[in-house]
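Quick note, the sequence shown lines up with residues 959 to 1159 if you use the numbering used here. Structure first, commentary second.
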Amino acid sequence: ADNLFRFIFMGNESWMVPASLDERRFLVLDIPSVHRKDYKYFGELQKAWNNGEREGFLYFLLHRKISNNLREAPWTDALRDQILQTLDPHQEWIVDCLDDGRFVCKSKDRESVLIDHPWQGETKIPIGIFYECYLDYISVRQKQKYALSKRTLKREIERFLGIEIRTWTDGQTRHYILPDPISLKSMEHLARFFPEDQAPF
């Protein structure tokens, strides 16, 4: 049977919908609060609506030329925020690392010593530090129950970024070799999360 349901959700929560990476169901809008409690403004809107604007709006909708694909919701900053808040913990972590250009955590075996490993250009990072920074990130956010094993984390990060993470050893320590974050952030499926990093048209 045809599904003719259409829903509008309104709320004040920062996370409203479980938007996926390839989201095509939700149009998400941030409504500015500039007219909050502006009773005169909304009163005039209601007056206009009851005096011909309703019919005018219907006419506009019926005669508007539609050129975009109606099966694909428009991309908005608000939709990006919903996707970022819906990410799995490991996805959220690697996006933050990309955004910061570094891997940061407190080392468990050196008490309060801070690990601050830059991610600039092609980067070699010890697998232990990579994993430790991930565990620290989800621990701070109290998401330890979602922790992945080292092997699973590598596989899921590869899947999310759309790359293959190579390994390298200096004879004692095994490292991951990570691509230049600039090249990753320019990839189509990731670029929209970092609009401020894109060159203007």
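Every residue gets a Cβ at the ideal spot worked out from N, C-alpha and C, and that includes glycine.
Q | At least 3 beta-carbon pairs within less than 8 Å: the segment 1078-1095 vs the segment 1044-1056 | A | Enough Cβ pairs lie closer than 8 Å, so yes.
Q | Whole-number beta carbon distance between V992 and A1036, since they are thought to touch under 8 Å | A | Start at 1 with the first residue of the sequence shown, and residue 1036 comes out as number 78. Start at 1 with the first residue of the sequence shown, and residue 992 comes out as number 34. Contact doesn't hold; Cβ gap of about 16 Å is too wide.
Q. Below 8 Å, can you find three or more Cβ-Cβ pairs linking the segment 1097-1112 to the segment 1025-1039?
A. As far as the Cβ criterion goes, the segment 1097-1112 does not touch the segment 1025-1039, which means the pair count is below three.
(Q) Once the 5 residues before and after L1072 are set aside, which same chain residues still bring their CB inside 8 Å of it? (A) Against the sequence shown, residue 1072 aligns to sequence position 114. Hits under 8 Å: V1062, C1063, K1064 and S1065.
Q. Do P1139 and I1121 have their CB atoms nearer than 8 Å?
A. Position 181 of the sequence shown, counted from the start, is the residue given in the question as residue 1139. Position 163 of the sequence shown, counted from the start, is the residue given in the question as residue 1121. Cβ atoms of P1139 and I1121: not closer than 8 Å.
Q.
Given this structure, state the Cα-to-Cα distance separating W1077 from G1059, to the nearest angstrom.
A. Here residue 1077 is taken as the residue at index 119 of the sequence shown, counted from 1. Here residue 1059 is taken as the residue at index 101 of the sequence shown, counted from 1. Roughly 5 Å separates the two Cα atoms.
Q. Rounded to a whole number of angstroms, what is the C-alpha to C-alpha distance between C1055 and D996?
A. For the purposes of this step, residue 1055 is taken as the residue at position 97 of the sequence shown. For the purposes of this step, residue 996 is taken as the residue at position 38 of the sequence shown. Our two residues, C1055 and D996, have alpha carbons roughly 42 Å apart in a direct line.
Q: For the alpha helix (DSSP H) containing T1044, list its first residue and its last residue.
A: Residue mapping note: residue 1044 aligns to position 86 of the sequence shown, counting from 1. Under the DSSP assignment, T1044 falls in the alpha helix (DSSP H) whose first and last residues are D1035 to T1044.
Q. Do you know offhand how far T1125's Cα is from A977's?
A. Translated into the one-based positions of the sequence shown, residue 1125 becomes position 167. Translated into the one-based positions of the sequence shown, residue 977 becomes position 19. Taking the straight line joining both Cα atoms gives about 33 Å.
Q) Does DSSP put V992 in a helix, in a strand, or in coil? A) For the purposes of this step, residue 992 is identified with residue 34 of the sequence shown, where counting begins at 1. V992: coil per DSSP, three-state reduction.
**Q.** Euclidean distance between Cα positions of N1027 and G1014
**A.** As a working mapping, residue 1027 is identified with position 69 in the sequence shown. As a working mapping, residue 1014 is identified with position 56 in the sequence shown. G1014 has its alpha-carbon roughly 25 Å from the corresponding atom of N1027.
Q.
For M974, tell me which candidate among P990, I1041, V1098 and K1005 has the shortest Cα-Cα distance.
A. Position 16 of the sequence shown holds residue 974. Per the C-alpha coordinates, the member of P990, I1041, V1098 and K1005 positioned closest to M974 is I1041.
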